[in-house]
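S.K.:
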Amino acid sequence: RIHHHNLLLLLLVVVYSLILRREHLNLDLLHLLVAFLQDPPPPPRANLISNKEEKVVPTPDPSPPAAPPPPPDNENTNPSCKYDAFISFRGTDVRQTFLSHLFAHMNEERHVLTFKDDVNLKRGDKISPTLIDAIERSSSYVVIFSPNYADSDWCLDELVKILECSRKYERKVVPVFYGGVTPSHVRNRKGSYGDAFTEYEKKLPSKEMEAKLKTWTAALKQAANISGFDSLVTKPERHLVEEITRTILGAIRQTYSPIMEGLVGIDQDIQDVEKLLSFDDENDNRVIGFWGMPGIGKTTLAKAMFHKIDAEKFEGVHFIENFAAQLKKTQVIDLQNELFYKLLGDDEQAHVMPTNLKLDRVGRVRSFVVVDDVTMDSLRSLKELLHGKLCNLFRAGSRIILTSTDRQVLKNVGCQVVHQVKGLDDDKALQLLSSYAFRKDRPPSEFMERCKKIVSYASGHPLALTVLGAALLGRSTGYWDCALDKLKKIPNKEIENLLMISYDGLSEEEQSVFLDIACFFNHEDYNFVTRVLDEDLVSNLVDKSLLRINRAKGEIEMHGMLKDLGKKIVRKERMLEKRSRLWKAKDLQTLLSKNMGTEATEGILLNMSKTQEVVRANTSTFERMMNLRLLSIQVAKKRSVISAHALPLSIKSKKVVVREELKSLSGELRLLEWDLFPAASLPSEFSPRYLHVLRLKHSNIRQLWESDNVDLGNLKELNLFSSKYIRRLPDLSTAKKLEVIDLTSCTSLDEIHDSIIYNPKLQTLILNSCGRLNPNFLDHAKGDQSQAFPSLKEVNLDNTMIKQVPYLIKSAPLLSKLSCSSCPEISEFPEILPSMEALIELDLSYCKGISSIPDTIRILSSLEKLDISGTGIVEVPSSVLDLRRLSMLRYAKCEKLLRAPTSYKKLVRLKTLDDSGCDMLINKNPELPDTLEYVSDEDEDQVD
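Going left to right, the sequence shown walks through residues -17 to -1, 1 to 927 as mature numbering (1 follows the signal peptide of the UniProt record, and there is no 0) numbers them.
1) For methionine 276, does the three-state DSSP call read helix, strand or coil?
2) Rounded to whole angstroms, what's the CA-CA distance from proline 27 to serine 111? Just pull it up for me.
3) Am I right that alanine 821 and leucine 797 are in contact with their C-beta atoms under 8 Å? What's the rounded C-beta distance?
4) Give the range of the beta strand (DSSP E) segment to which lysine 617 is assigned.
5) Check whether the region 539 to 546 and the region 557 to 577 touch, using three or more Cβ-Cβ pairs below 8 Å as the test.
6) Is it true that the CB of leucine 880 sits closer than 8 Å to the CB of tyrosine 874?
7) What are the start and end residues of each continuous beta strand (DSSP E) run of 3 or more residues lying completely inside the region 515 to 542, in chain order?
8) For glycine 586, which beta-bridge partners are listed by DSSP?
9) Using CA coordinates, which residue listed in Leu726, Asp762, Leu652 is at the minimum distance from asparagine 779?
10) Starting from histidine 402, follow the beta strand (DSSP E) in both directions and report where the run begins and ends.
11) In whole angstroms, what is the alpha-carbon distance linking leucine 618 and aspartate 658?
12) What does DSSP give as the partner residue(s) for alanine 600 in the beta ladder?
13) Can you grab the Cα-Cα spacing for the pair tyrosine 66 / lysine 99, in whole Å?
14) By Cβ distance below 6 Å, which residues in the same chain neighbour leucine 85 in space, the five residues on each side in sequence not counted?
15) Expressed to the nearest angstrom, what Euclidean distance is found between the alpha-carbon atoms of valine 156 and glutamate 119?
16) Pairs of beta-carbons, one from the region 393 to 403 and one from the region 416 to 433, closer than 8 Å: are there three or more?
17) Straight-line CA distance for lysine 291 to alanine 234?
18) My parser needs the beta strand (DSSP E) runs of 3 or more residues fully inside the region 301 to 362; what are they?
19) Could you tell me which residues DSSP puts in a beta bridge with glycine 299?
20) What separation, rounded to the nearest whole angstrom, lies between the Cα atoms of serine 738 and leucine 368?
21) Mind reading off the beta-carbon distance from phenylalanine 180 to phenylalanine 160? Whole number of angstroms is fine, and I expect it under 8 Å.
22) Serine 844: buried (16+ other C-beta within 10 angstroms of its C-beta) or exposed?
23) Sorted by chain position, which residues of the same chain lie with C-beta nearer than 6 Å to glutamine 686's C-beta, five sequence neighbours on each side aside?
24) Are the region 549 to 563 and the region 437 to 455 in contact at 8 Å, needing three or more beta carbon pairs?
25) Pull up the distance between the alpha-carbon of leucine 911 and that of histidine 506, whole angstroms please.
26) Any chance the region 355 to 363 sits against the region 372 to 391, with 3 or more Cβ pairs inside 8 Å?
27) Pick out the complete beta strand (DSSP E) segments inside the region 721 to 753, 3 residues or longer, and give them in chain order.
28) Are the beta-carbon atoms belonging to threonine 839 and serine 870 less than 8 Å from one another?
29) If I measure Cβ to Cβ from glutamate 556 and keep anything under 6 Å in the same chain, skipping five residues before and after, which residues do I get?
30) Distance, Cα to Cα, asparagine 908 vs arginine 841?
31) By the three-class DSSP mapping on this structure, what secondary structure does proline 912 have?
32) Mind reading off the beta-carbon distance from tryptophan 199 to valine 143? Whole number of angstroms is fine, and I expect it under 8 Å.
33) Under 8 Å: do the region 502 to 518 and the region 479 to 491 share three or more Cβ pairs, one atom per stretch?
34) Taking all protein chains shown into account, decide if valine 863 is buried (16 or more other Cβ within 10 angstroms of its Cβ) or exposed.
35) Taking the straight line between their C-alpha atoms, what separation do you get for phenylalanine 302 and arginine 170?
36) Assess, as a yes-or-no matter, whether the region 594 to 610 is touched by the region 523 to 540 under the definition of 3 or more beta carbon pairs within less than 8 Å.
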């Protein structure tokens, strides 16, 4: 106690001296001071049953702990627990017998830190403050009702206090009826319990004793009604001791305050994982993986599950923290010995047992084991740890949880299920940040907007929220503003160090792709990114939790902090001409105009929307960048803007002007994307051998290459959107990997080389608004037409002069989307071939020459969307009702339409029906299915 006070005094002196000298206070020093002020000195060591050092259940992490509990604001605030268990007993009955065995098993064998009222404690009329404090700060209680328990008013007062704390803090009470005492004796004050109360009643009419008798009687009844253990039923005594200890361990895990209290946003994860673990299935062993980016909460979730398990279901439990890190300091055999030691009940002989005997004994133990932070490098050691048997090493009903940032590791090790641990939503993130920064669930109003900015920066990352919240605790609004400005430029060091571990664990090729995405491709279309970069390497980064795929948007997403880390790594290359990747408009203006390009430059992303000037570049700059892999020059903030048919003048004025004729580009280019490309053709000395994506939107290109004999072996996408001067698409027979051709609004295009017909990979062909294209451009194809378009899925022929859909397109075996909107020369509904049964979307809107729909339309059994708006049809035939997968049907503005089905009830998947503007339609109120979500204005009243 004196030592504690001296340390506190020393801390106060240090803090005061620093304030006088106007020096900054170290945050750790302040936290230490607060801890000393909040935590009273410990009780004398004599009160601890065990003289061994306290052994704490492992609490690994880089995953964040949950928010610390807020300061007490009501009488039911749960005090921090110092002891695992408090045992109330009558010393003369059990101290030298049953109690000694129970203490030894709980403390020395199972490491349950237990408090007991030592024999030398001075007795008095009232329960001592030391005992009150010990009861308040114990997480569970054992009450041994022995024959003479009620003789002690001290014991009865302890019982009253125990039940009060149990009710107030929801703590476990385990009654033990020992030495012939039964629950009935206790509940009804029979036997020795009745005799004891007879003696107390002799002290009446003392008002104090009368009140106590009522309180004690109620306490005994309440305790006797709690499920516990009877020494006459649970035999032998050793088994009784083990059962009591197991019950207490279960209670400790369920209420372990440092782990379970204050967790934010984890409840749903716990429920999901409990279902996956299926604890009630005792015939099956299960291995579950927790997967997610560093600091996302995998370890926190694993700890929560570890401390929540029912100890009665498992004979052995063990948590191996930071497995990969431990392997750098110790041998697998040491971790294995510790595992066996824990699972075999801390049997001292476990270390010297022959391996076969240990395996045999462990195989009879139903176990719950957590191995935290398994990496690809530690995978072999994990298998060695578990003798290659994983969960089969243990008895049926065992469970193993593995955590990893690498999904592939969890798959390789044989996890039946991989549970992805995701970030917090904004509301939970705000709550977690506030709990650290303000010690309450919601921030003060003047900090709300600042907190929302940090929540946006952290993007649901718990570790970032806890670290930043703790750093901002007690700070002024001005300090918060400075911190927010700093975060935009310099990531938090603690968070950065954690993320850097994952980056350092990547291969050289994976690191390169990571930096490419961080600098250039975050939130870009997944298909586009995987055409440019190696898809397998992108997939690896997804598995390692460094990327995610947003399926709804079809985009690649990298967490903002990972993106910032990647850009910081690149910025460490101080000299502009030495940087591998450049994306800032100002830097690129300097680089291009001053001829500073070097072989160190691998990637350039110049977004002209971020500059007000025309960028003038020297041709020699591009020639010097011999290792340039990625070149992207965009004139609009978003790629979708540049897809407009006519560009605003404000955008057209922003471009890169090359002072001389462009003679060469890097032969290493994988991406060449240049909006408003100034030249009439690509440089004659440019070899596109490694080119994966070529995008020249709104360009001046007239011909791609002077020769048709060009190696395009890696080309996957060709996009010449609105390149109005190109007249001919050259021979693409060497482009065996070509997947997409987009020639939208190439208004001068009149010839397409028929090499595209037999391209093995071509999936998308877009010829929208190619008004001069020969209507019969596919009719004279040479070769085996049965092999035409083997992979084609999507075709767009909108606004062209075709008279009918080319046969080779209709017969494409995988065709799923066909659009021929606004084709004035189409005079009849396309012939429907049996090969078209895979078609999912068909758009013939505003083809005014179409006057009828053939009954053969029922062949299109997979059709989900049909648009025949603006056509000349007179009737929507009943055969349309055979399209049972139809979810959208539009026949709006069909001015000649007279008849349509009176009921669409058969179309059970129909969500959209549009018959607006059909003024001559007789039946305007058809019966509609319950699935309908949208209907045209004319039918709204009926749907309502």
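Ideal Cβ positions, reconstructed from N, Cα and C, are used throughout, including at glycine.
M.R.: If we stick to the structure as given:
1) In this structure, methionine 276 counts as coil in the three-state DSSP scheme.
2) Residue placement at proline 27 cannot be trusted, given a pLDDT of 36 that sits under 50; the coordinates are not used to answer.
3) Right, their Cβ atoms sit about 6 Å apart.
4) Note on residue identity: the sequence assigns glutamine, not lysine, to residue 617. From DSSP, the beta strand (DSSP E) with glutamine 617 extends over 613 to 617.
5) No, the region 539 to 546 does not touch the region 557 to 577.
6) For tyrosine 874 and leucine 880, yes; Cβs fall inside 8 Å.
7) If you keep only unbroken beta strand (DSSP E) runs of at least 3 residues inside the region 515 to 542, you get 531 to 533, 538 to 540.
8) Answer is Arg564, Leu613.
9) Ranked by Cα distance from asparagine 779, the first of Leu726, Asp762, Leu652 is Leu726.
10) The continuous beta strand (DSSP E) containing histidine 402 extends over residues 400 to 403.
11) Here residue 618 turns out to be valine, not leucine, going by the sequence shown. A straight-line Cα-Cα distance of about 6 Å links valine 618 and aspartate 658.
12) Partner residues in the beta bridge of alanine 600, as assigned by DSSP, are Val641.
13) Roughly 10 Å separates the two Cα atoms.
14) Short of 6 Å from the beta carbon of leucine 85, and not among the five residues preceding or following it, lie these beta carbons of its own chain, in chain order: Val224.
15) Looking at the two C-alpha atoms, the distance is approximately 13 Å.
16) Between the region 393 to 403 and the region 416 to 433, the count of Cβ pairs shorter than 8 Å is below three; the stretches do not touch.
17) Looking at the backbone, the Cα of lysine 291 and that of alanine 234 are separated by about 8 Å.
18) Whole beta strand (DSSP E) segments, 3+ residues: 350 to 354.
19) BP columns for glycine 299 point to Ser350.
20) One C-alpha to the other measures close to 58 Å.
21) Distance from phenylalanine 180 to phenylalanine 160 at the Cβ level is roughly 18 Å; contact not present, criterion being Cβ atoms closer than 8 Å.
22) It counts as exposed.
23) Same-chain partners within the cutoff: Ser664.
24) Too few Cβ pairs lie closer than 8 Å, so no.
25) Rounded to whole angstroms, leucine 911 to histidine 506 spans 40 Å at the Cα level.
26) Yes, the region 355 to 363 is in contact with the region 372 to 391.
27) Listed in chain order, they are 723 to 725, 747 to 749.
28) It is not a contact, given that the beta carbons lie outside the stated cut-off.
29) The beta carbon of glutamate 556 is closer than 6 Å to those of Arg562 in its chain, skipping five residues each way along the sequence.
30) Distance from the CA of asparagine 908 to the CA of arginine 841, rounded to the nearest whole angstrom, comes to 24 Å.
31) DSSP places proline 912 outside both helix and strand once states are collapsed to three, so it counts as coil.
32) Cβ atoms of tryptophan 199 and valine 143 come within 8 Å of each other, at about 7 Å.
33) At 8 Å Cβ cutoff, the stretches do not touch.
34) Of the other Cβ atoms in all chains shown, 16 or more fall within 10 Å of the Cβ of valine 863; this residue is therefore buried.
35) Arginine 170 has its alpha-carbon roughly 41 Å from the corresponding atom of phenylalanine 302.
36) Segment contact: the region 523 to 540 against the region 594 to 610, fewer than three CB-CB distances shorter than 8 Å; contact not assigned.
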